[in-house]
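Throughout, my numbering is defined as the position within the sequence shown, counted from one, plus 21. Virtual Cβ for every residue (Gly too), placed ideally from N, Cα, C. All values reported here derive from a predicted model rather than from experimental measurement.
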Amino acid sequence: MNIINSKINFSTSGNGQIVDITEQVKNELKKSKLLNGIVSIFTPGATCAVTTMEYEPGLVKDSQDFFNQLVFDKNSFNHDSGNPKGNAPAHLRAFIFGPSITVPFENAGLQLGTWQQIVFIDFDNRPRNREVILKFFGN
Numbered sequence: 022m023n024i025i026n027s028k029i030n031f032s033t034s035g036n037g038q039i040v041d042i043t044e045q046v047k048n049e050l051k052k053s054k055l056l057n058g059i060v061s062i063f064t065p066g067a068t069c070a071v072t073t074m075e076y077e078p079g080l081v082k083d084s085q086d087f088f089n090q091l092v093f094d095k096n097s098f099n100h101d102s103g104n105p106k107g108n109a110p111a112h113l114r115a116f117i118f119g120p121s122i123t124v125p126f127e128n129a130g131l132q133l134g135t136w137q138q139i140v141f142i143d144f145d146n147r148p149r150n151r152e153v154i155l156k157f158f159g160n
């Protein structure tokens with residue numbers, strides 16, 4: 022078994038922005054020259070998440086509306102008292118969705134469903150430079 026590490030870096034605008042990173046993951050898989058295995062997709066941020074969804078404009082907007090209903094920005098949060106960033110909602114949303122997923126691949130292709138893309142979600146309330154760490158395990 023081989024283990025190959027890779028990273029994807031990009032900038033976001035925050036505020037629930039959803040970024041489709043499927044093609045970047047596919048490109049890194051191709052560069053790895055692995056055929057069969059799994060890829061761990063992880064983001065080292067406390068105000069962002071990685072998951073899968075159908076990346077379609079209507080569903081992207083529905084998802085952003087859902088994030089705001091799930092954790093209201095206007096609530097009073099202990100984390101925000103004395104914290105000028107005021108980003109407690111971002112932390113709460115991120116821990117619900119989680120920082121990582123694992124996706125199998127076979128014959129050098131990600132085993133995603135027809136309407137399933139890998140997405141990065143930035144819940145923070147400001148633009149950020151973000152990183153996603155990929156760890157490929159396979160042959």
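Check: Using DSSP with H/G/I as helix, E/B as strand and the rest coil, what is Val60?
Finding: Note: Val60 maps to strand in three-state DSSP.
Item checked: Residue from Ala129, Ile122, Asn96 and Glu127 whose Cα sits closest to the Cα of Leu113 -> Ranked by Cα distance from Leu113, the first of Ala129, Ile122, Asn96 and Glu127 is Asn96.
Notebook entry, point to check: For the candidate residues Gln85, Arg147, Lys156 and Asn160, whose alpha-carbon lies nearest to that of Thr68?
Noted result: Among Gln85, Arg147, Lys156 and Asn160, the Cα nearest to that of Thr68 belongs to Arg147.
Next item on the list: Could you tell me the distance, in whole angstroms, from the CA atom of Phe157 to the CA atom of Asn30?
Entry: Whole-angstrom Cα-Cα distance: 17 Å.
Checklist line | Under the three-state DSSP convention, the category Ile39 falls into | finding: Correct three-state label for Ile39: strand.
Margin query: For Pro110 and Pro120, I'd like the C-alpha separation in whole angstroms.
Written below: Straight-line Cα distance between these residues: approximately 16 Å.
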